[in-house]
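Chemist: According to the working numbering, the sequence shown holds residues 140 to 184 in order. Backbone N, C-alpha and C define an ideal beta-carbon position, used for all residues, glycine too. To start, I am sharing the structure in question, which I have written as structure tokens.
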Amino acid sequence: TGAVNAAVRAGADACERVGDGLVAAHIIARVHSEVEGILPAAPSA
Numbered sequence: 140t141g142a143v144n145a146a147v148r149a150g151a152d153a154c155e156r157v158g159d160g161l162v163a164a165h166i167i168a169r170v171h172s173e174v175e176g177i178l179p180a181a182p183s184a
């Protein structure tokens with residue numbers, strides 16, 4: 140959605156301003172179900 144695009148762009152812009160070494164900022168709208176299995180697990184809070 141537009142809100143997701145805006146949030147990713149804002150985060151990428153902020154990262155570039157502080158020089159944190161952003162590699163990529165991509166949005167995968169409809170990820171294939173098999174992709175979830177190869178992504179790293181989110182750290183537990």
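#1: Taking the alpha-carbon positions, what's the Asn144 to Ile167 distance?
#2: Ignore the nearest five residues each way along the sequence and tell me which others in Val174's own chain have a CB closer than 8 Å to its CB.
#3: With Glu173 as the anchor, note down where its alpha helix (DSSP H) starts and where it stops.
#4: Any idea what DSSP makes of Gly160, helix, strand or coil?
Modeler: Considering the structure as presented:
#1: If you number the sequence shown from 1, residue 144 lands on position 5. If you number the sequence shown from 1, residue 167 lands on position 28. Cα-Cα distance, rounded: 11 Å.
#2: Numbered from 1 along the sequence shown, position 35 holds the residue referred to as residue 174. These residues qualify, in order along the chain: Ile167.
#3: Position 34 of the sequence shown holds residue 173. No alpha helix (DSSP H) contains Glu173, which DSSP labels as neither H nor E.
#4: Taking the sequence shown and counting its residues from 1, the one referred to as residue 160 is at position 21. In this structure, Gly160 counts as coil in the three-state DSSP scheme.
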